[in-house]
Amino acid sequence: MSSADIDSVQAPPRSRSPLRVFHMLVDLCEPLVEWIIRICGWSAILFVFAIFFFVIREGSEMLFGGIDFKEFLTSPNWRPDSVVRPQYGILALLTGTVAVTGLAMLIAVPLGLGAAVYVSEFAGPKTKETLKVIIELLAAIPSVVWGFIGYIVLGPIIIWLTGAPVGINVLNGGIILALMSVPIIVSVAEDALRAVPDSYREAALALGASRWEIVLRVLFPAAKNGLLAAVLLGVGRAIGETMAVLMATGHAVQIPKSLVDPVRTMTATIAAELGETVSGEEHYGVLFVIGIVLFVIAFAINLTADLVVKGIRGGQHD
Amino acid sequence: MTDRPSQLGRWYVAPGAAGPADGTLEQPFSSLQEACERLGDSPTLSHARAAEHDEGRVEILCIERARGEFAAAGQPTHAYFVDPFTPVEGNGSERKPWESFPAAFAGLARLAREDRLRLAVGQRIEISSREVFTATSLEKWKSIKESIARYIFLAMALVCVLPVVAILSFLLYKAWPALSIDFLLTNPQNNLTAGGIWAPLIGTFFLVLTSLLVAAPIGILAGVYLNEYATDNWLTRIINLAVMNLAGVPSIVHALFGVGAFVHFAHMGRSLVAAACTVAVMTLPVIITSTREALSAVPMSFREACWNMGATRWQTIRTIVLPNSISGILTGVILQVARAAGETAPILFTGAVLYVPIADAGWNYVLPYGPDDRFMALSYHLFALSTQIRGVSDELLFGTAVVLIGLVLLVNSFAIGLRIYLRSKKKW
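So the sequences go chain by chain: L and B.
First residue of the first sequence? That's 1 in our numbering, and the numbers climb one at a time after it.
First residue of the second sequence? That's 1001 in our numbering, and the numbers climb one at a time after it.
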């Protein structure tokens, strides 16, 4: 076919609808559009830096000079309202966070991994789909609702069962956080188990292993990175959780001595006290410094989880 | 696991029996030793030998002479095994079976002679030769262990799910008397201790809408960038890490960011738009991730076909990629809506307040909040009702909680349903 033939082909009549004109304009500005897309693509980095920048900016006065870091990290005395000498020690808050998160993980990790194993290895296709949908829905329940459940429903039950003076305490927060982090642990762990090639399972079956043995001796070792990532993300969610712990752990700034002691976590402290402070004062700045600590912890956990997951992908090639 | 092997022979032993014995009920052997020796040697009892290469079982029952036969049901008191296919130096156990029935009788006779095997009245010896492919008791035990494991894992899965379902049902039960259309459409009254939840409900609606307007374009375009433009290099890796981090940063840190960036730095003050921007940044990863997934489900050949027609990258995205993935992207947007509606911490200090009076009728009833106004939101309302206000009736409290949960779960179920429907309709 010569070029003349091509030229002679009649082009279809072009409609001049406004949409079409708009599209033509958009196509003309393709470089512009591509730049917009590019900038939006980079926006995630931008926002992470912005979060870091603005939280540091608000806390800068305290962070650079205003704060005694030795006291900040090692003193259990959190007395921001003291007229004589305000003290800003976050040890008790840190302990509160660790206690509640630790208890939550003690409950959530075995349950979550067990549930993930059931969903991925034992359940039939219908059960599997149903359980996955339910777990996804559980993950969607807002944290304030979890806090409400802890405060209104679980609190009285704990008082009734343990005879504790207050129902909102480490135990309550731990249980609530466990129920909250289970969905994320299950879904990430299930992904990790599904990523183990079927040939591994078939090889083990051919050797006469039962499914129980396959889970313990084949799947867990093969998926250990993904499972670790699941646990890390669960920890991340539990540490960063705010509303639920604000409502379910009580308000006592103290190092807990038993499961039924009320505590205060770092996140809850910010949520409870930021409203009472005014921009620029010491207390306000210190709360932002706690925010930086939380940001750094969350960043470290996510980075580790990412590296661990990348480890699986690297390992799968050999 | 098959049924027990069929019976090939049954002989009787009656301690103290005298006279000629052939092992029948009428003329039982006088002792186990005699029985085994006779059965092993006697050519007249050769039908026992015939069983040698077959699957089946023979039994030796010990009876009291006077009472005759007794029920020989149930598990034998002594079980021995014969396996002609794996001849080993056997001792009759399941792991080391005898190689034939005569060997079995010889072995049993020796045991009886050495007084290591006694048969009391009412007891029964069973010697079974099994088929190659039937389950041994070892295998049965393994399968029992497996089903135990299965039930343990099932229990763990149920423990994750059932308490929450029970709690939600309890909440619904407690809230039931309060739930009505009026409850939704009435403003809170009497210092929030009475009335309905219209003001917070409409506040949440505007918050979600505004945050959607901010997050959806950025998130969708970011997803387009990551799936269509980004190559596998360090920059992309950093972007992925940033998206993951954005999702992992504690919500209260997002709130601090909102206070620092939008309320103070951008001079928005505590307002609907500041809160919406904060929520938008927080929920951005939801949209980015699902857009990306939706786009990557479009087959590469579609794009290649389009490029071959001379279309540019952007034209391909606009005419081929986006139309083919729009429903998947929509799913992500719906998930963002559900997430934004439930968030409390990020709006605590950026614009949500305990109470804003809004009119009970007219324009102000439907459009109560401008972008610069402080607003009421359902999630914050629930927080305030349960922790900060005294004298709130149970119905109001539980009603608010159930409406919030219902809203979030409904929107989420819609997204999940849409996803399942799309998957089933998938053409490629």
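We put the beta carbon where it would ideally sit given N, CA and C, even for glycine.
What residues from chain B crowd round residue i, counting only those whose CB sits closer than 7 Å?
i	result
VAL117 (chain L)	PHE1153
THR242 (chain L)	PRO1250, SER1251, ILE1252, ALA1345
VAL188 (chain L)	Near VAL188 (chain L) there are no residues of chain B at all, since even the closest Cβ is about 12 Å away, more than 7 Å.
VAL133 (chain L)	ILE1416
ASP306 (chain L)	LEU1241, MET1244
Buried or exposed: residue i, going by 16 or more other Cβ atoms within 10 Å of its Cβ?
i	result
MET1268 (chain B)	buried
TYR88 (chain L)	buried
VAL1164 (chain B)	buried
CYS1062 (chain B)	buried
SER323 (chain L)	The structure shown does not extend to residue 323 (chain L), since chain L is modelled only from 1 through 318, so no value can be given for it.
ASP68 (chain L)	exposed
ASN1191 (chain B)	exposed
ALA1051 (chain B)	Note on ALA1051 (chain B): pLDDT 49, under 50, position unreliable in the model; the coordinate value appears next. By the neighbour-count rule (16 or more Cβ atoms within 10 Å), ALA1051 (chain B) is buried.
GLU1089 (chain B)	exposed
TRP1234 (chain B)	exposed
GLN1033 (chain B)	buried
ASP81 (chain L)	exposed
TYR151 (chain L)	buried
ALA1280 (chain B)	buried
ILE157 (chain L)	exposed
TRP1011 (chain B)	buried
VAL278 (chain L)	exposed
Which whole-angstrom value describes the C-beta separation of residue i and residue j, a residue pair presumed to lie in contact below a C-beta threshold of 8 Å?
i	j	result
VAL153 (chain L)	LYS132 (chain L)	No, VAL153 (chain L) and LYS132 (chain L) are not in contact; Cβ-Cβ is about 26 Å, not under 8 Å.
GLY112 (chain L)	CYS1160 (chain B)	7 Å
ALA1222 (chain B)	CYS40 (chain L)	5 Å
LEU1212 (chain B)	VAL1337 (chain B)	6 Å
LEU1184 (chain B)	PHE1398 (chain B)	Wrong, their Cβ atoms sit about 15 Å apart, outside the cutoff.
LEU1348 (chain B)	GLY275 (chain L)	7 Å
MET243 (chain L)	SER143 (chain L)	4 Å
ALA223 (chain L)	VAL182 (chain L)	Incorrect: roughly 18 Å between the Cβ atoms, too far for contact.
PHE1081 (chain B)	SER1093 (chain B)	7 Å
PHE54 (chain L)	ALA1261 (chain B)	4 Å
VAL188 (chain L)	ALA229 (chain L)	6 Å
ILE107 (chain L)	ALA178 (chain L)	4 Å
Please go through the same chain and pick out, in chain order, the residues whose beta-carbon is closer than 7 Å to the beta-carbon of residue i, but skip the five residues on each side of it.
i	result
SER75 (chain L)	GLN87, GLY89, LEU91
PRO262 (chain L)	VAL166, ILE168, ASN169, THR249, GLY250, HIS251, ALA252
ILE149 (chain L)	ILE176
GLY66 (chain L)	GLU282, GLY285
ILE1358 (chain B)	ASN1187, ALA1199, ASN1364, TYR1365, PRO1368
GLY1219 (chain B)	LEU1284, ILE1287, ILE1288, THR1291
ASP1360 (chain B)	ASN1187
LYS1426 (chain B)	none
Name the chain L residues whose beta carbon is nearer than 8 Å to that of residue i?
i	result
ALA1266 (chain B)	Chain L residues near ALA1266 (chain B): none, gap ~10 Å exceeds 8 Å.
PHE1257 (chain B)	ALA50, ILE51, PHE54, VAL55
SER1290 (chain B)	None at all; the shortest Cβ gap to chain L is about 13 Å.
LEU1404 (chain B)	PRO142, VAL144, VAL145
ALA1338 (chain B)	ALA140
GLY1342 (chain B)	ALA140, ILE141, PRO142, SER143, VAL144, VAL145
PRO1163 (chain B)	LEU179
MET1376 (chain B)	Within 8 Å Cβ-Cβ: nothing; MET1376 (chain B) doesn't reach chain L, min ~14 Å.
Under 6 Å Cβ to Cβ from residue i, same chain only, skipping five residues before and after it: list those, please.
i	result
LEU1111 (chain B)	LEU1117
ALA1266 (chain B)	none
ASP318 (chain L)	Note on ASP318 (chain L): pLDDT 36, under 50, position unreliable in the model; no value is reported.
MET62 (chain L)	GLY285, VAL286, VAL289
ILE1125 (chain B)	ILE1060, HIS1078
ALA115 (chain L)	VAL186
Run down chain B in chain order and give the residues with a C-beta less than 9 Å from the C-beta of residue i.
i	result
ARG211 (chain L)	GLU1146, ALA1149, ARG1150
ASP27 (chain L)	THR1312, TRP1314, GLN1315, ARG1318
GLY112 (chain L)	MET1156, CYS1160
Can you pull the chain C neighbours of residue i, defined as C-beta to C-beta under 7 Å?
i	result
TRP42 (chain L)	Checking the listed chains, one finds no chain C in this structure; the protein chains it contains are L and B.
To which residues of the same chain is residue i closer than 8 Å at the C-beta, ignoring the five residues directly before and after it?
i	result
LEU1378 (chain B)	ILE1197, PRO1200, LEU1201, GLY1203, THR1204, ALA1341, THR1400, VAL1403, LEU1404, LEU1407
VAL109 (chain L)	ILE185, VAL231, GLY234
Under the criterion of a Cβ to heavy atom distance below 7 Å, does residue i qualify as lining the ligand GTP?
i	result
VAL1249 (chain B)	No copy of the ligand GTP appears in this structure; indeed no ligand is present at all.
Which residues in chain L have a C-beta closer than 7 Å to the C-beta of residue i? List them in chain order.
i	result
VAL1281 (chain B)	PHE47
Just the chain B side, please: which residues come within less than 8 Å of residue i by C-beta, in chain order?
i	result
ARG38 (chain L)	TYR1225, TYR1229
VAL153 (chain L)	ILE1167, PHE1170, LEU1171
VAL182 (chain L)	CYS1160
GLY291 (chain L)	ILE1252, VAL1253, LEU1256
Residues of chain L with CB under 9 Å from residue i, in chain order?
i	result
LEU1348 (chain B)	THR242, MET243, ALA271, LEU274, GLY275
Continuous alpha helix (DSSP H) assignments of at least 4 residues falling wholly in the stretch 1318-1382 of chain B
1322-1342, 1345-1348, 1363-1366
Any beta strand (DSSP E) of 3 or more consecutive residues that is wholly inside the stretch 177-239 of chain L:
none
Uninterrupted alpha helix (DSSP H) stretches inside the stretch 1078-1133 of chain B (no shorter than 4 residues)
1101-1113
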